[in-house]
Amino acid sequence: MRTGLVISAGTADGRSVLIDFQPDGSLHGYDIATGEPGAGQGPRPAGECPIRLIR
1 MRTGLVISAG TADGRSVLID FQPDGSLHGY DIATGEPGAG QGPRPAGECP IRLIR
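Numbering follows this note's numbering, with no gaps: position 11 of the sequence shown is 11.
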(Lines of atoms letter the chains of each structure in order from A and count residues from 1; the text may use other names and numbers.)
(Lines give C-alpha, C1' and ligand atoms only; values in the text may rest on other atoms or scores of the structure.)
Protein backbone atom coordinates (compact mmCIF):
# COMPACT_ATOMS: atom_id res chain seq x y z
CA MET A 1 0.00 0.00 0.00
CA ARG A 2 1.38 3.40 -0.94
CA THR A 3 1.08 6.11 1.64
CA GLY A 4 0.16 9.70 0.94
CA LEU A 5 -0.19 12.44 3.54
CA VAL A 6 -0.53 11.12 7.10
CA ILE A 7 -1.90 13.30 9.91
CA SER A 8 -2.88 12.63 13.49
CA ALA A 9 -6.22 13.90 14.71
CA GLY A 10 -8.60 13.76 17.64
CA THR A 11 -12.13 12.48 17.24
CA ALA A 12 -15.32 13.92 18.74
CA ASP A 13 -15.42 10.99 21.20
CA GLY A 14 -11.88 11.66 22.46
CA ARG A 15 -9.89 9.04 20.54
CA SER A 16 -6.65 9.79 18.72
CA VAL A 17 -6.33 8.53 15.17
CA LEU A 18 -3.93 8.58 12.24
CA ILE A 19 -5.49 9.46 8.92
CA ASP A 20 -3.64 8.24 5.83
CA PHE A 21 -4.69 10.07 2.65
CA GLN A 22 -3.88 7.76 -0.28
CA PRO A 23 -2.58 9.02 -3.64
CA ASP A 24 -5.84 7.86 -5.31
CA GLY A 25 -7.88 10.22 -3.11
CA SER A 26 -9.17 7.59 -0.68
CA LEU A 27 -8.29 7.59 3.01
CA HIS A 28 -7.66 5.08 5.78
CA GLY A 29 -7.87 5.73 9.52
CA TYR A 30 -6.09 3.92 12.34
CA ASP A 31 -6.86 4.16 16.05
CA ILE A 32 -3.56 5.11 17.71
CA ALA A 33 -4.36 3.41 21.04
CA THR A 34 -5.34 0.04 19.57
CA GLY A 35 -3.72 0.06 16.14
CA GLU A 36 -7.03 -1.06 14.69
CA PRO A 37 -7.57 -0.05 11.07
CA GLY A 38 -10.67 1.91 10.20
CA ALA A 39 -10.60 4.16 13.28
CA GLY A 40 -14.27 3.41 13.81
CA GLN A 41 -15.56 4.06 10.30
CA GLY A 42 -13.37 2.05 7.93
CA PRO A 43 -11.61 3.08 4.72
CA ARG A 44 -13.28 5.76 2.61
CA PRO A 45 -13.22 5.75 -1.19
CA ALA A 46 -12.02 8.74 -3.17
CA GLY A 47 -14.50 11.61 -3.07
CA GLU A 48 -16.14 10.49 0.19
CA CYS A 49 -14.10 12.29 2.85
CA PRO A 50 -16.10 13.08 6.02
CA ILE A 51 -13.29 15.10 7.61
CA ARG A 52 -13.84 18.64 8.80
CA LEU A 53 -10.68 20.71 9.19
CA ILE A 54 -10.64 23.13 12.11
CA ARG A 55 -8.18 26.02 12.16
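Where a beta carbon is used, it is the ideal one built from N, C-alpha and C, also for glycine.
Taking residue 20 as part of the beta strand (DSSP E), name the residues at either end of that continuous run.
16–21
Residue 54 - DSSP class collapsed to helix/strand/coil
Bear in mind that the predicted position of residue 54 carries a pLDDT of just 49, short of 50, making it too unreliable to give a figure here.
Looking only at DSSP bridge pairs, what is residue 12 linked to?
Its beta-bridge partners do not exist; DSSP assigns none.
Would you kindly work out how many angstroms separate the C-alpha atoms of residue 37 and residue 13, rounded to a whole number?
17 Å
According to DSSP, is residue 24 part of a helix, a strand, or is it coil?
coil
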